[in-house]
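> Dropping a structure here in structure tokens format, bear with me for questions.
In my numbering, the protein residues as written are 5 to 107.
If you want it as structure tokens, here you go:
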């Protein structure tokens with residue numbers, strides 16, 4: 005399994021691949037992520053064909069329990085960003101198929 009990629013490592017990789025400065029790559033990545041966050045935060049979807057879709061996930065309000073006292077508590081509704089990989093993107097990360105056995 006591949007290691008996690010930090011934002012700094014992503015900036016460095018983009019700068020090298022695009023032959024631009026790290027500051028330009030950082031600005032581009034910042035604008036890209038900010039645009040996606042802003043659009044999804046307003047309830048929209050961002051679809052990148054061949055990669056996946058970013059969308060807003062809404063959780064309803066619910067009743068939970070305080071683990072120390074066992075008392076019921078109300079947990080408010082919340083929103084978060086979700087991501088669903090496209091079929092093409094999911095196929096790239098799927099494990100390779102094993103070779104068929106010969107008879």
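The C-beta atom is built at its ideal place from N, Cα and C for all residues, glycine as well. Predicted model, so just to flag it, every value in this text is computed and none were measured.
#1: For residue 39, does the three-state DSSP call read helix, strand or coil?
#2: Mind reading off the beta-carbon distance from residue 53 to residue 85? Whole number of angstroms is fine, and I expect it under 8 Å.
#3: Mapping the DSSP letters down to three states, classify residue 33 as helix, strand or coil.
#4: Mind checking who residue 61 pairs with in its DSSP beta bridge?
#5: Note the first and the last residue of the continuous beta strand (DSSP E) segment covering residue 22.
#6: From residue 38 to residue 89, what does the alpha carbon distance come to, in whole angstroms?
In this structure, then:
#1: Mapped onto the chain shown, residue 39 falls at position 35. Under the three-state reduction of DSSP output, residue 39 falls in the helix class.
#2: Translated into the one-based positions of the chain shown, residue 53 becomes position 49. Translated into the one-based positions of the chain shown, residue 85 becomes position 81. With a Cβ gap of about 19 Å, residue 53 and residue 85 do not count as contacting.
#3: Position 29 of the chain shown, counted from the first residue, corresponds to residue 33. Helix.
#4: For this step, residue 61 is matched to residue 57 along the chain shown. Its beta-bridge partners are 84.
#5: Locating residue 22 in the chain shown gives position 18, where the first residue counts as 1. Element bounds for residue 22: not the beta strand (DSSP E) but the alpha helix (DSSP H), 11-22.
#6: Counting from one through the chain shown, the residue named residue 38 turns up at place 34. Counting from one through the chain shown, the residue named residue 89 turns up at place 85. Straight across, the Cα-Cα distance linking residue 38 with residue 89 is about 20 Å.
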